[in-house]
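*Asks:* As they're listed, the protein sequences go chains B and H. For the first sequence, the positions run 123 to 330 when this note's numbering is used. For the second sequence, the positions run 20 to 285 when this note's numbering is used.
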Amino acid sequence: MSKEACIIKGTREGLSILIPASLEIHEVIEQLRARLHATQHFFEGAVVNVLAENRALKPAEKREIAKAVEEFGLVMGNNRIYKPEPKAVNAVNENELLEDTLLIRRTLRSGQRVQYDGNVVVLGDVNPGAEIVCSGDILVLGSLRGVAHAGCNGNVRATVFALRLEPTQLRIANYISRSPDEDLPQPVGPELARVTDNMIQISAYSFG
Amino acid sequence: MGKAIVVTSGKGGVGKTTTTANIGTGLALLGKKVCVVDADIGLRNLDVVMGLENRIVYNIVDVVEGYCRVKQALIKDKRVDNLFLLPAAQTRQKDAVNPEQMRDLISELKNDFDYVIVDCPAGIEHGFQNAIAGVDMALIVSTPEVSAVRDADRIVGILDSQGIYDMFLVINKIRPDMVRKGDMMDIDDMNDILALNLIGVVPDDEGIIVSTNKGEPAVLDKRSPAGQAFRNISKRIEGVEVPFMNISDGTMIERFMRMLGVGGKR
Numbered sequence: 123m124s125k126e127a128c129i130i131k132g133t134r135e136g137l138s139i140l141i142p143a144s145l146e147i148h149e150v151i152e153q154l155r156a157r158l159h160a161t162q163h164f165f166e167g168a169v170v171n172v173l174a175e176n177r178a179l180k181p182a183e184k185r186e187i188a189k190a191v192e193e194f195g196l197v198m199g200n201n202r203i204y205k206p207e208p209k210a211v212n213a214v215n216e217n218e219l220l221e222d223t224l225l226i227r228r229t230l231r232s233g234q235r236v237q238y239d240g241n242v243v244v245l246g247d248v249n250p251g252a253e254i255v256c257s258g259d260i261l262v263l264g265s266l267r268g269v270a271h272a273g274c275n276g277n278v279r280a281t282v283f284a285l286r287l288e289p290t291q292l293r294i295a296n297y298i299s300r301s302p303d304e305d306l307p308q309p310v311g312p313e314l315a316r317v318t319d320n321m322i323q324i325s326a327y328s329f330g
Numbered sequence: 020m021g022k023a024i025v026v027t028s029g030k031g032g033v034g035k036t037t038t039t040a041n042i043g044t045g046l047a048l049l050g051k052k053v054c055v056v057d058a059d060i061g062l063r064n065l066d067v068v069m070g071l072e073n074r075i076v077y078n079i080v081d082v083v084e085g086y087c088r089v090k091q092a093l094i095k096d097k098r099v100d101n102l103f104l105l106p107a108a109q110t111r112q113k114d115a116v117n118p119e120q121m122r123d124l125i126s127e128l129k130n131d132f133d134y135v136i137v138d139c140p141a142g143i144e145h146g147f148q149n150a151i152a153g154v155d156m157a158l159i160v161s162t163p164e165v166s167a168v169r170d171a172d173r174i175v176g177i178l179d180s181q182g183i184y185d186m187f188l189v190i191n192k193i194r195p196d197m198v199r200k201g202d203m204m205d206i207d208d209m210n211d212i213l214a215l216n217l218i219g220v221v222p223d224d225e226g227i228i229v230s231t232n233k234g235e236p237a238v239l240d241k242r243s244p245a246g247q248a249f250r251n252i253s254k255r256i257e258g259v260e261v262p263f264m265n266i267s268d269g270t271m272i273e274r275f276m277r278m279l280g281v282g283g284k285r
């Protein structure tokens with residue numbers, strides 16, 4: 123595994139050197155020498171602030187850094203501790219939270235198609251011949267009788283919910299299921315479709 | 020190399036889609052490899068009448084625009100072997116496809132199928148021009164109504180001017196009792212105006228409404244009179260000589276009454 127590198131960046135107060143917590147001081151000096159040597163006189167005369175991640179530099183360490191930068195004509199500025207911003211723990215979850223939701227306050231009729239990057243909520247029905255395709259979840263507060271495609275960018279955890287779920291065809295990510303050819307008893311309450319065991323399964327929706 | 024047939028009428032509601040579904044199924048029952056094509060983009064029905072709506076993933080516009088191959092869009096019929104449907108797009112307009120693209124598509128299908136049957140939209144505009152592109156033969160559907168015959172005549176004129184000379188007339192929804200009473204145009208009246216080769220006469224049949232709603236073509240029902248008529252048309256397309264059903268003769272009793280000179284028009 124390669125070590126993290128020092129980051130040199132320009133700020134209003136001059137140059138800043140960000141020192142990752144994982145580096146030993148001799149590694150920092152090595153890296154600085156290499157970087158400054160490569161840039162030659164480019165940084166000459168600049169004030170350098172040293173920011174060490176999550177730790178205070180010892181006076182000896184500060185002196186070593188100062189000696190190294192001054193070799194290349196840089197002026198040592200002050201020295202601070204910085205705390206990196208916490209990285210997103212779970213990128214996927216965060217994306218889901220950030221996903222937009224489109225609210226449709228009417229019935230989608232045959233031939234009408236809604237395509238959206240995010241979730242879709244319909245306050246009305248989705249009639250046969252209408253189609254919803256979106257990257258997130260689909261919620262229909264009415265009857266869903268048309269075609270619904272949730273998670274169209276490959277999100278297998280997307281779901282389709284409807285107060286009456288009687289779709290012509292359901293698609294979640296790359297899974298497709300169609301309505302049965304023979305008449306089945308109509309659903310009595312709200313239902314939720316999701317991918318389980320590599321197939322789309324519909325179950326009665328219960329809250330809690 | 021197969022044969023492409025367009026089912027057209029000019030007027031709406033005369034039974035183009037029903038005719039397409041039934042003749043397509045009828046020819047497949049005769050062992051032919053058949054593809055029915057729904058050219059009514061934006062108002063598709065053929066899939067519903069054949070009970071295949073829930074199987075549609077790709078459609079004719081996806082094929083033409085190159086999103087999928089023809090084979091991916093074809094839907095295999097659920098009852099009859101050798102029968103396939105190329106569905107129309109519902110969420111698009113007629114101008115999503117042009118006649119040149121249709122001509123290419125039809126000729127590609129003709130390589131794989133014995134019959135390619137195109138269900139034409141009503142009207143004589145863009146959708147009609149798409150539907151007749153690249154076909155070899157036309158079935159003109161008309162009901163015994165003056166308006167339907169007038170529109171059919173217009174269609175015959177257009178097809179003629181575009182070089183489609185192989186045209187046959189399908190008379191649909193005829194009601195023998197009304198014809199006998201003289202309340203409905205009879206076959207001769209219609210032929211007088213259209214002067215086309217008659218390929219079939221389909222009686223008005225309540226069973227058709229049930230069968231289209233259920234998505235089961237009437238040809239599959241041995242007891243349906245309309246189904247029988249469509250089976251006969253399929254055989255005639257195949258070149259088999261089938262005598263016409265005696266629609267105007269009515270029941271035994273009616274015939275007997277006529278022999279005695281009681282009732283009836285003739």
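Cβ atoms here follow ideal geometry from the backbone N, Cα and C, with glycine treated the same way.
Could you check how far apart the C-beta atoms of H/I159 and H/M186 are, in whole angstroms? I think they sit under 8 Å.
*Replies:* Position 140 of the second sequence, counting from 1, holds the residue named residue 159 of chain H. Position 167 of the second sequence, counting from 1, holds the residue named residue 186 of chain H. Confirmed, Cβ separation roughly 6 Å.
*Asks:* What residues from chain H crowd round B/S232, counting only those whose CB sits closer than 7 Å?
*Replies:* Locating residue 232 of chain B in the first sequence gives position 110, where the first residue counts as 1. Ordered by position in chain H, the residues that pass the 7 Å Cβ test against B/S232 are Q109.
*Asks:* Check whether the segment 184 to 200 of chain H touches the segment 59 to 67 of chain H, taking contact to mean three or more Cβ pairs, one atom from each stretch, closer than 8 Å.
*Replies:* Taking 8 Å as the limit for Cβ pairs, the verdict is that the segment 59 to 67 of chain H does not touch the segment 184 to 200 of chain H.
*Asks:* Just to confirm the assignment, what range does the alpha helix (DSSP H) spanning B/Q153 have?
*Replies:* Against the first sequence, residue 153 of chain B aligns to sequence position 31. Note, B/Q153: alpha helix (DSSP H), 147 to 161.
*Asks:* Considering only residues of the segment 58 to 109 of chain H, which uninterrupted beta strand (DSSP E) runs meet the minimum length of 3 residues and lie entirely inside it, listed in chain order?
*Replies:* Fully enclosed beta strand (DSSP E) runs of 3 or longer: 102 to 105.
*Asks:* For H/K97, go through chain B and note every residue whose CB falls closer than 8 Å to its CB, in chain order.
*Replies:* Indexing the second sequence from 1 puts residue 97 of chain H at position 78. Correct list: D303.
*Asks:* Quick check on B/V170: does DSSP put it in helix, strand or coil?
*Replies:* Along the first sequence, read from residue 1 onward, the residue named residue 170 of chain B stands at position 48. In the structure shown, B/V170 sits in a strand (DSSP, three-state: E or B).
*Asks:* Quick check on the DSSP output: the alpha helix (DSSP H) that includes H/N130 runs from which residue to which?
*Replies:* Here residue 130 of chain H is taken as the residue at index 111 of the second sequence, counted from 1. Residues 118 to 131.
*Asks:* May I have the straight-line CA-CA distance separating B/H159 from B/V170, to the nearest angstrom?
*Replies:* Sequence index remark: in the first sequence, residue 159 of chain B carries index 37 (1-based). Sequence index remark: in the first sequence, residue 170 of chain B carries index 48 (1-based). Spanning the two alpha carbons is a distance of roughly 15 Å.
*Asks:* DSSP three-state call for B/G132: helix, strand or coil?
*Replies:* For the purposes of this step, residue 132 of chain B is taken as residue 10 along the first sequence, with counting starting at 1. B/G132 falls in the strand class under three-state DSSP.
*Asks:* What residues in its chain sit with their C-beta under 8 Å from that of B/Q308, if we drop five residues either side in the sequence?
*Replies:* Position 186 of the first sequence, counting from 1, holds the residue named residue 308 of chain B. R286, E288, listed in sequence order.
*Asks:* Check whether the Cβ of B/A210 lies closer than 9 Å to any Cβ atom in chain H.
*Replies:* Taking the first sequence and counting its residues from 1, the one referred to as residue 210 of chain B is at position 88. Its pLDDT being 47, under 50, B/A210 is placed unreliably by the model, and the measurement read from it follows with that caveat. B/A210 does not count as touching chain H.
*Asks:* Provide the residue(s) that pair with H/G219 in DSSP beta bridges, ordered along the chain.
*Replies:* Position 200 of the second sequence, counted from the start, is the residue given in the question as residue 219 of chain H. H/G219 is bridged to H/V189.
*Asks:* Say whether the segment 167 to 178 of chain H touches the segment 86 to 93 of chain H, bearing in mind that this needs 3 or more beta-carbon pairs closer than 8 Å, one atom from each stretch.
*Replies:* The segment 167 to 178 of chain H vs the segment 86 to 93 of chain H: no contact.
*Asks:* At a cut of 8 Å, does the segment 238 to 246 of chain H reach the segment 207 to 219 of chain H through at least three beta carbon pairs?
*Replies:* The segment 238 to 246 of chain H vs the segment 207 to 219 of chain H: no contact.
*Asks:* Just to make sure I have the definition right: I need the residues of chain H whose C-beta is within less than 7 Å of the C-beta of B/G251. Which are they?
*Replies:* Numbered from its first residue, the first sequence carries residue 251 of chain B at position 129. Residues of chain H passing the Cβ test: Q109.
*Asks:* Thinking C-alpha only, which one of B/E135, B/G136, B/E146, B/S299 is nearest B/E126?
*Replies:* By 1-based counting over the first sequence, the position of residue 126 of chain B is 4. Cα-wise, what sits closest to B/E126 is B/E146.
*Asks:* I need the DSSP call for H/I143, collapsed to helix, strand or coil.
*Replies:* Position 124 of the second sequence, counted from the first residue, corresponds to residue 143 of chain H. Coil.
*Asks:* Hey, H/I151 and H/P106 are a contact pair by Cβ (cut 8 Å); roughly how many whole angstroms apart?
*Replies:* Taking the second sequence and counting its residues from 1, the one referred to as residue 151 of chain H is at position 132. Taking the second sequence and counting its residues from 1, the one referred to as residue 106 of chain H is at position 87. Not a contact, Cβ separation roughly 19 Å.
*Asks:* For the alpha helix (DSSP H) that contains B/V243, what are its first and last residues?
*Replies:* Counting from 1 along the first sequence, the entry for residue 243 of chain B is found at position 121. It is not in any alpha helix (DSSP H) - B/V243 instead sits in the beta strand (DSSP E) that spans 241 to 244.
*Asks:* Using a Cβ-Cβ distance cut-off of 9 Å, determine whether H/V135 contacts chain B.
*Replies:* Translated into positions along the second sequence, residue 135 of chain H becomes position 116. Closer than 9 Å: no.
*Asks:* Under three-state DSSP, which class holds H/V175?
*Replies:* By one-based count along the second sequence, residue 175 of chain H stands at place 156. Helix.
*Asks:* Taking just the CA atoms, how far does B/L137 sit from B/A65?
*Replies:* Past the boundaries of the shown model lies residue 65 of chain B; chain B is included only from 123 to 330, so the question cannot be answered.
*Asks:* Is it the case that the Cβ atoms of B/A174 and B/I141 are separated by a distance below 9 Å?
*Replies:* Here residue 174 of chain B is taken as the residue at index 52 of the first sequence, counted from 1. Here residue 141 of chain B is taken as the residue at index 19 of the first sequence, counted from 1. In contact: B/A174 and B/I141 (Cβ atoms closer than 9 Å).
*Asks:* Among the residues of its own chain, which have a CB less than 6 Å from the CB of B/R300, if the five just before and after it don't count?
*Replies:* For the purposes of this step, residue 300 of chain B is taken as residue 178 along the first sequence, with counting starting at 1. Only Q291 meet the Cβ criterion.
*Asks:* If you draw a straight line from the C-alpha of B/T281 to the C-alpha of B/G311, how long is it?
*Replies:* Taking the first sequence and counting its residues from 1, one reaches residue 281 of chain B at position 159. Taking the first sequence and counting its residues from 1, one reaches residue 311 of chain B at position 189. Looking at the two C-alpha atoms, the distance is approximately 17 Å.
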